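Report on one structure; see the data block that follows.
Numbering (the working numbering), first residue to last: 1 to 155.
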């Protein structure tokens, strides 16, 4: 798979969701998890101890995060904002930013996406769905690459 992706959590409220996101990020092949405004501490929901294999970066606030990540595409994920996930064309490089469980994101990225649901999802569930969509679309793009098809046929 070409490219990379990271997950950023803006002021997450519930520690168990942090562990779930880190575990899913490790499972889906994310390159890092960033926590903005709250320190990540190992929690029981990170049952695979993914924090040992996946960098978890801490940023004091949005300003610090955006200064460090200024050259990378930031995609905010917010209920009812932006393009529906199933219609979104994922870039090869992306940082997906999710807000805390009890409020909307007060920041904007380069793009915005949402999941079409009746009501809000758990933060870890929402992040997992977006990671799945990103990796599934990247896999389809890779399968259509002629160089990959030639390699597959030769193998």
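The beta-carbon is built from N, C-alpha and C at its ideal position, and this holds for glycine as well. Predicted model, so just to flag it, every value in this text is computed and none were measured.
Three-way DSSP call (helix, strand, coil) for residue i in this model
i: residue 92; result: coil
i: residue 74; result: strand
i: residue 12; result: coil
i: residue 99; result: strand
i: residue 17; result: helix
Residue i, buried or exposed, once every other Cβ within 10 Å from all chains shown has been counted against 16
i: residue 128; result: buried
i: residue 78; result: buried
i: residue 80; result: exposed
i: residue 90; result: buried
i: residue 119; result: exposed
i: residue 139; result: exposed
i: residue 53; result: exposed
i: residue 148; result: Bear in mind that the predicted position of residue 148 carries a pLDDT of just 41, short of 50, making it unreliable; the figure below should be weighed with that in mind. Exposed, since its Cβ has fewer than 16 Cβ neighbours within 10 Å.
Alpha helix (DSSP H) segment containing residue i, residue limits
i: residue 107; result: Premise fails: residue 107 is in no alpha helix (DSSP H) and is neither H nor E.
Pick from the options that is closest to residue i, judged by C-alpha positions
i: residue 106; options: 3, 71, 6, 11; result: 11
i: residue 72; options: 120, 131, 8; result: 8
i: residue 38; options: 109, 61, 27; result: 61
i: residue 100; options: 134, 4, 53, 18; result: 18
i: residue 86; options: 114, 109, 59; result: 114
i: residue 117; options: 21, 104, 93, 84; result: 84
Residue span of the beta strand (DSSP E) that contains residue i, given as start and end
i: residue 34; result: 32-36
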